[in-house]
Amino acid sequence: MQLRHAASPRSIAMTRLHTYLLGGMALLSSLLTQSVLAQSSPNGRRITRPTARPVPSTPPRPATVPVGAALTGQFTAQPGVGGIFLSFGRELPKTFRYRLERSPAGGAAYEPIAESVFPALPEGFAGRLNEAIAQMPPVYLTLPDRPIVDARYQVLRRHATADSLANLMVAPQYRIAAGLGHWDATAQPNLVYDYRLSRLNADGSTTPVGEIRGVSTPGTYPATVLRIDTAYAKGPTATIECEVVSGRAPEVLYLYRAYYLRGEFEPVVASYYPVRSTNGRIRYQLNDATVVDKLSYAYYVVPGDYMGNRGTASAVYNVYNARPNEITFIPYRFRVNSIRAEKRLRLSWRVTPSRDITSIDIFRGNDFDKTFVRIGSVGPTDTVFYDANVRPVQTYFYTLVVNTAYGKTYPSARVPALLEGAETNYARPENVRSQQNGRTVTLTWDRPAGPVTGYYLYRARDYDQKPEQVGRLIASAAATVTVTDTLPDRDSEVWVYSVASVNTSYNISPLSAPVTIVGKTTVRPPAQLTARLRDNTPQRRAVNLYWTNLVEARQRAGGFRVYRRLVTTDNKPADWQLLTLTTLRAETNFWADTTIREGNTYAYMVRTVGAGDQLSTPSVEARCTVTETFPAGVRNVRLLQSGPGVVVQWDAPLDPTVERYVVYRAEAGRPLQKLTTLPRNTAQFVDKTPLLKKTNYYQILAEDSRGHASRNPDTVGLYVE
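Everything in the sequence shown is counted per the working numbering, starting at 250 for the first residue and increasing by one.
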């Protein structure tokens, strides 16, 4: 049995819009909202000081004040959570369309973001309403029944303004469905915008409606004070009444509830509606129909609006769902002592004797604010209880509940207790083994027998040095434990690792058998690194790297690794990329990079590989620029008019990379136009369609197989009769 009984539903409340049609009269609309709220005490009285709880609202900031340029009071903006709601006024767009434009604050470039018109069919009205409810912040509105939606649409269809549904049209979802509003979900947080609204008339003309400047999201909720002053519980329902002390009446209410022995507040399903007030203030009654008999609850209420903005939460109010004839007994002198030799905790208390007491339940929890579980029950006259199902050096919390003929009392004070550790520890970790990759060491060992909860890792610089603890406690209950450590960046021939276990009494075992790791040795990078471009052909270009042969220089080396990075024009450093997939042999002092691209500048460096794959510091950089190559151009371009055509001749270059020639022509003041492409063995072209009575300009470009064209070509002109 748990002190926290079966959990009540914790779903978010749904808000429903209900309206009633009265025959022959205008449609009366009332917006009934279901939201999260509630809090109380026995017989409706305040029983304890409010406990601390999280406040879901964000810190307030100055609210944006819209300024309308025309038709003041009709075109308005209201920031919300995740967007801004724009209201277009009263006149329904039946013979025209509204166009909404937006611009960054102070800017003149407005861009259209929405156009709206009154829906032609009730299906369109219902679809827009459903879509608006889904798009706007979740204030838990649900679409009413279809006959109600159709009836509201018919009322709006017979009128030119929204006054016929004035009470209902305060909801932005209905204004959007009627074409009188827009939810701007594309507005970015903390950016300021200007909005402009205009009418697009049927004759094609445009009429300005208004402007709003300086609007940003998220919005804020006005300072509003809610006070819960009445609360009582009866059976499965808790009723809470609150009033608006100051501020504006909320559009949406949120109710949060917590159990007595739990610190977390959660939203609950609750209905609320306005009730009569004797002092002229706005007052609401809230009903939580998910409470459990004989349990204590805490409630608070948060006001909000349709845009998702939330105000300040009310104070916490406590409710205990008790019977009127219940008798309350409070345990006193409640203590918990540790008995180390017996490995158990002794609970003792006193309760005023009474024939109405039937039993006393003992509850235990691992956290002061979390769930407590019943661990035992004793008779009405017992004053001692022993708890042997505990672990050493772990904190527990205890509370008592007195059962009477009329029900259960409030839980007593929560008392902490801790059992002292008494278990010696001789369980050394077994089969310790290691793997090394450079300075990274992976250690693995087997769990020893006994109540082991964790391990400490130790490291020494050599066999004679005292081992030092590495890091914090390694908590693990696995049969095989694996950890990773990084060797210090210091010279040492060997490093010695060992492991000790920690039991439930937090006693440390002797060290395990040591394992030895190869230490860091001084490895020098190669000297005199040189990078040279091998420029045979564009297809076979490479960068050759040369460095000092360390074997011949009698320096320690196990091999080499070559790295490269791209040098950008802005000199921003790029990451080094490893070029050699396998380590080069120690006697090697040359490597060719064939993965280069023309137009790039590369930086190279080489690192020496030592024992245990340890790497030296980077060598001095060597850079190389791979220049782009272009084919040689044609020479001695000649033009000759032959009848109606023009003969173009040239001398071909002695460049084996030339693949083709491209002939261009233009008249004075006009760009060159491509005429034809000729093979590389061509040295003459006849233009049969020259521009008569004008000067024709010609240009010949040589291209290679990569599409690179010759540079600085000659342009030759000829006047054609």
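Cβ coordinates follow ideal geometry from the N, Cα and C atoms, glycine included.
Here the structure is a predicted model, which means the values were calculated and not measured.
Mind checking residue i: buried by the 16 CB within 10 Å criterion, or exposed?
i, result
"VAL494", "exposed"
"GLN948", "buried"
"GLU897", "Looking at the sequence itself, residue 897 is Val, so the reference to Glu does not match. Looking at its Cβ environment, which holds 16 or more other Cβ atoms inside 10 Å, VAL897 is buried."
"THR466", "buried"
"THR630", "exposed"
"LEU405", "buried"
"ARG813", "buried"
"GLY918", "exposed"
"GLY956", "exposed"
"HIS431", "buried"
"PRO489", "Contrary to the premise, residue 489 reads as Ile rather than Pro in this sequence. Classification for ILE489: buried."
"PRO523", "exposed"
"LYS715", "exposed"
"GLY892", "exposed"
"GLU970", "exposed"
"ASP953", "buried"
Compare the C-alpha of residue i against each of the options and name the closest.
i, options, result
"ILE609", "PHE617, LEU502, ARG623, ASP616", "ARG623"
"VAL912", "PRO962, PRO775, LEU864, LYS942", "PRO962"
"ARG790", "ALA538, ASP936, GLU877, ALA375", "GLU877"
"LEU668", "ARG582, LEU760, ALA637, THR658", "ALA637"
"VAL551", "TYR505, ASN567, VAL664, TYR712", "TYR505"
"ALA427", "ARG677, GLY966, GLU380", "GLU380"
"PRO361", "ASP399, PRO737, THR435, THR729", "THR435"
"LEU349", "LEU341, TYR359, GLU340", "TYR359"
"VAL883", "LEU864, THR906, SER865, CYS873", "THR906"
"THR561", "THR829, GLN922, LEU475", "LEU475"
"THR831", "ASP819, GLY484, VAL811, ASN849", "VAL811"
"SER454", "THR691, LEU921, THR344", "THR344"
Take residue i and list the residues in its own chain whose beta-carbon comes closer than 7 Å to its own, dropping the five residues that flank it on each side.
i, result
"THR456", "SER447, ARG448, ASN450"
"GLN777", "TRP796, THR797"
"THR673", "ASN756"
"ASP936", "GLY894, VAL895, VAL897, ARG914, LEU924"
"ARG834", "GLY808"
"THR765", "VAL743, VAL745"
"THR644", "PRO665, LEU667"
"SER758", "ASN674, TYR675, ALA676, ARG677, ALA749, SER750"
"ASN849", "LEU815, VAL875"
Which residues does DSSP pair with residue i in a beta bridge?
i, result
"GLY978", "Examination of residue 978 is not possible in this model, given that the chain is present from 250 through 970 alone."
"ARG919", "The partner list for ARG919 (beta bridge, DSSP) is empty, contrary to what the question assumes."
"THR644", "LEU667"
"GLY332", "GLY329"
"TYR503", "VAL551"
Which of helix, strand or coil does DSSP assign to residue i?
i, result
"VAL585", "strand"
"ARG298", "No answer about ARG298 holds up, because its pLDDT of 35 lies below 50 and its placement is not dependable."
"LEU830", "coil"
"ARG424", "helix"
"LEU414", "helix"
"GLN714", "coil"
"ALA709", "strand"
"VAL404", "helix"
"GLY376", "helix"
"ASP394", "coil"
"VAL419", "helix"
"ARG973", "Here the chain has residues from 250 to 970 only, and residue 973 is not among them."
"ILE579", "coil"
"PRO928", "strand"
"SER290", "Any reading at SER290 needs caution, since the residue's pLDDT is 34, under 50, leaving its predicted position unreliable; the model's value is listed next. SER290 falls in the coil class under three-state DSSP."
"VAL472", "Strictly speaking, residue 472 in this sequence is Ala, with Val absent from that position. ALA472 falls in the coil class under three-state DSSP."
"ASP824", "coil"
"ILE531", "coil"
"GLN863", "coil"
Which same chain residues end up closer than 6 Å to residue i when comparing Cβ atoms and leaving out the 5 residues on each side of it in sequence?
i, result
"GLY355", "none"
"GLY670", "PRO641, VAL642, SER754, TYR755"
"SER868", "PRO774, PRO775, LEU778, MET854, VAL855"
"ARG688", "THR735, LEU736"
"SER626", "SER608, ASP610"
"ARG696", "ALA728"
"THR866", "PRO774"
Residues in the same chain with beta-carbon distance under 8 Å from residue i, minus the five sequence neighbours each way, listed in chain order, please.
i, result
"LEU760", "ARG677, TYR707, PRO716, SER747, VAL748, ALA749"
"TYR402", "PRO368, PRO371, PHE374, ALA375"
"THR473", "VAL493, SER495, GLY496, ARG497, PRO499, PRO552, GLY560, THR561"
"ALA932", "GLN898, TRP899, ASP900, ALA901"
Sorry if obvious, but does the Cβ on residue i come closer than 7 Å to a heavy atom of the ligand ZN?
i, result
"ALA662", "Ligands displayed in this structure: none; no statement on the ligand ZN is therefore possible."
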